[in-house]
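**Student:**
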Amino acid sequence: MPDDPTQEPEELDVAIATEVEQETSRALNKETRQVLLAVLMVAAFMALAHFTPLKAWITNVQTWKGLVREFGWMAHGIFVAACAIVVMLGVPRLPMCAAAGLIFGFGEGLVLSLIGSTCGSYGAFVLSRHGFRRAAESRAEKWPWLRKLLKRPSIMRVFWARQLMVPGIVLNVLIGMTAVRHSRFLIGTLLGYLPLNVAFSLVGSGLGKGNLAHTMAQLLAAMAVINIAAWLVYRMMKRQHC
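4 is the number of the first residue of the sequence shown in this note's numbering; add one for each residue after it.
1. Starting from N214, trace the alpha helix (DSSP H) in both directions and tell me its first and last residue.
2. CB-CB under 8 Å to I158, same chain, minus the five flanking residues each way: which ones, in chain order?
3. Could you name the residues of the same chain whose beta carbon sits closer than 6 Å to that of V228, not counting the 5 residues immediately before and after it, in chain order?
4. Return the chain-ordered list of same chain residues with a C-beta closer than 8 Å to the C-beta of L205, the five sequence neighbours on each side being excluded.
5. Can you list, in chain order, the residues of its chain whose CB lies under 7 Å from that of L97, leaving out five sequence neighbours each side?
6. Return the CA-CA distance between A85 and G119, expressed in angstroms with no decimal places.
7. Exposed or buried, what is K33 when buried is set at 16 or more other beta-carbons lying within 10 Å of its beta-carbon?
8. Any idea what DSSP makes of T9, helix, strand or coil?
9. Going by DSSP, what residue range makes up the alpha helix (DSSP H) through R187?
10. Nearest by alpha-carbon distance to A102: which of S116, L92 and V94 is it?
11. Kindly indicate which residue of I231, I178, K68 and C122 has the alpha-carbon position closest to the one of A87.
12. Straight-line CA distance for Y196 to G211?
13. Just to confirm, is the Cβ distance from L153 to L130 under 7 Å?
14. With distances taken between CB atoms, is the gap from L107 to N175 smaller than 7 Å?
15. Spatial neighbours of A232 within its chain, please: C-beta separation below 7 Å, excluding the five flanking residues on both sides.
16. Using alpha carbons as the reference points, say which of A50, L40, V83 and L167 lies closest to H217.
17. Reducing DSSP to helix, strand and coil, say where A182 ends up.
18. Please list the terminal residues of the continuous alpha helix (DSSP H) segment that includes H79.
19. Excluding five sequence neighbours on each side, which residues of the same chain lie with their C-beta closer than 7 Å to the C-beta of L162?
20. Output the distance between the C-alpha atoms of G126 and M91, rounded to the nearest integer angstrom.
What follows is the structure in structure tokens.
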């Protein structure tokens with residue numbers, strides 16, 4: 004019988020808690036390196052573009068964004084649907100976050116990427132409850148401690164799991180195999196996706212700016228966001244074992 008979703012998550016034993024802490028630390032370091040690499044690549048490209056004939060590329064991007072805006076809500080709907088589908092199929096969401104920032108700007112891009120990636124994860128979560136989970140279950144064997152962490156997932160545990168370097172499709176399926184409430188899954192996933200979605204939407208938005216100073220400001224903001232998020236998650240991890 005599945006666990007009662009009203010029950011509070013049980014405490015992790017010391018060995019599992021220690022392993023989760025180690026995995027979280029590794030994941031946060033890797034996320035920071037990913038954002039730093041993206042920031043450096045965009046900064047180098049935009050600096051080159053502003054002082055070489057590549058500047059025409061920036062003009063073309065602005066023209067392209069204008070064409071997208073002409074489609075209005077249809078463009079938003081198409082992007083959200085495309086993002087949801089690729090995330091549901093197990094494709095990493097971060098390139099979609101950067102694309103959203105580039106195409107729609109930071110604010111709209113962040114909202115659209117959050118909606119799309121959360122809906123895609125929710126789709127995989129629902130499908131896992133109808134038997135579409137065998138492949139992801141076999142992949143989950145690489146992280147034996149993960150099943151213990153997600154045995155009775157609270158919002159905080161779903162949030163925490165989203166910070167780990169574990170494929171999203173694996174998390175969606177493992178959580179779907181529990182009796183967790185749909186609302187807990189959605190809220191935990193939305194909050195868990197927020198830090199990296201913010202960072203990569205900023206990076207993507209900076210890629211198409213006509214002003215180099217604006218680009219650099221957004222790239223610095225992306226680094227600030229991911230470092231603050233990593234610090235907060237690390238503090239939470241040290242204060243409690245979920």
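Glycine included, every Cβ here is placed at the ideal spot set by N, Cα and C. Because the structure is a prediction, the values reported are computed rather than measured.
**Tutor:** So, from the data block:
1. Note, N214: premise wrong, no alpha helix (DSSP H); not H, not E.
2. If we look at I158 and ignore the five residues flanking it on each side, its Cβ neighbours are R187, I190, G191 and L194.
3. V201 and A202
4. G104, F109, Q221, L222, A224, A225 and V228
5. Spatial neighbours of L97 in its own chain (CB-CB distance under 7 Å, excluding positions within 5 residues in sequence) are listed in chain order as L199 and F203.
6. 8 Å
7. exposed
8. Note that T9 scores 47 on pLDDT, short of 50, meaning its location in the model is unreliable; the coordinates nonetheless yield the value given after this. Coil.
9. H185 to G209
10. S116
11. C122
12. 23 Å
13. no
14. For the record, residue 107 in the displayed sequence is Phe; it is not Leu. Cβ atoms of F107 and N175: not closer than 7 Å.
15. P198
16. A50
17. coil
18. First-last of the alpha helix (DSSP H) with H79: W76 to M91.
19. Rather than Leu, the amino acid found at residue 162 in this sequence is Phe. By the criterion of a C-beta distance shorter than 7 Å, F162 is surrounded in its chain by G191, L194 and G195, once the five residues flanking it on both sides are discounted.
20. For G126 and M91, the distance between alpha carbons rounds to 6 Å.
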